[in-house]
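Following this line, the structure appears as structure tokens:
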């Protein structure tokens with residue numbers, strides 16, 4: 001496809017990323033989560049994200065919000081939810097610390113239990 005329509009269909013660029021650690025018996029393995037810049041999608045906004053797991057296939061995903069801020073916030077919450085449910089455990093700097101991401105209410109109890117109330 002050439003012309004203005006092709007120029008309008010550009011790939012979103014990376015908005016932010018974070019390096020996490022997968023707690024493996026021998027030693028932790030680093031991997032990252034990547035959030036793309038939200039883009040207009042009809043009257044909503046969409047944010048793509050991917051967790052680049054070191055031990056399973058990557059599955060890029062997409063979530064919508066009413067504006068770009070909500071789309072990015074929801075994408076961060078989705079990543080946090082998946083990471084808190086991961087086995088083996090995922091951590092940011094040290095085992096049992098927080099992931100430093102916004103949470104959906106269902107994950108707040110798990111984070112509190114894992115960090116023993118430390119934030």
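Numbering (full-length UniProt numbering), first residue to last: 1 to 119.
Idealized CB from N, CA, C, for every residue including glycine.
Predicted model only: the values in this text are computed from it and were never measured.
Can residue 105 and residue 72 be called in contact, C-beta distance under 7 Å? Stepping through the chain shown from its first residue, residue 105 is reached at position 105. Stepping through the chain shown from its first residue, residue 72 is reached at position 72. Contact flag unset, no.
Give me, in chain order, the residues of the same chain whose beta-carbon lies closer than 8 Å to that of residue 14; leave out the 5 immediate sequence neighbours on both sides. The residue given as residue 14 occupies position 14 in the chain shown. Excluding sequence neighbours, residue 14 sits near 34, 35, 36 and 37.
Below 8 Å CB to CB, which residues in the same chain sit around residue 45 once its five sequence neighbours on both sides are set aside? Here residue 45 corresponds to residue number 45 of the chain shown, with the count starting at 1. The residues are 38, 39, 64, 65, 66, 67, 68, 70 and 71.
Give me the Cα-Cα distance between residue 114 and residue 82, rounded to the nearest whole angstrom. Within the chain shown, residue 114 is the residue found at index 114, counting from 1. Within the chain shown, residue 82 is the residue found at index 82, counting from 1. Cα-Cα distance, rounded: 15 Å.
Comparing C-alpha positions only, which one of 88, 92, 97 and 94 sits nearest to residue 55? Within the chain shown, numbered from 1, the residue matching residue 55 stands at position 55. Of the listed residues, the one whose Cα sits closest to residue 55 is 88.
If I'm right that residue 52 touches residue 29 with Cβ under 8 Å, what's the distance once you round it to whole angstroms? Here residue 52 refers to the residue found at position 52 when the chain shown is read from its first residue. Here residue 29 refers to the residue found at position 29 when the chain shown is read from its first residue. Not really, about 11 Å apart at Cβ, beyond 8 Å.
Could you name the residues of the same chain whose beta carbon sits closer than 8 Å to that of residue 101, not counting the 5 residues immediately before and after it, in chain order? Residue 101 sits at position 101 when you count from the first residue of the chain shown. Within the same chain, residue 101 has close Cβ partners 18, 76, 77, 79, 80 and 83.
Just to confirm before moving on: does the CB-CB distance between residue 95 and residue 26 stay below 7 Å? Residue numbering aside, residue 95 sits at position 95 when the chain shown is read from its first letter. Residue numbering aside, residue 26 sits at position 26 when the chain shown is read from its first letter. Going by C-beta atoms, residue 95 is not nearer than 7 Å to residue 26.
What residue range is occupied by the uninterrupted beta strand (DSSP E) comprising residue 17? Reading the chain shown from its first residue, position 17 is the one you call residue 17. Start and end: 14-22.
Which same chain residues end up closer than 6 Å to residue 6 when comparing Cβ atoms and leaving out the 5 residues on each side of it in sequence? Residue 6 sits at position 6 when you count from the first residue of the chain shown. Because residue 6 carries a pLDDT of 43, less than 50, the predicted location of this residue cannot be relied on, and no value is offered for it.
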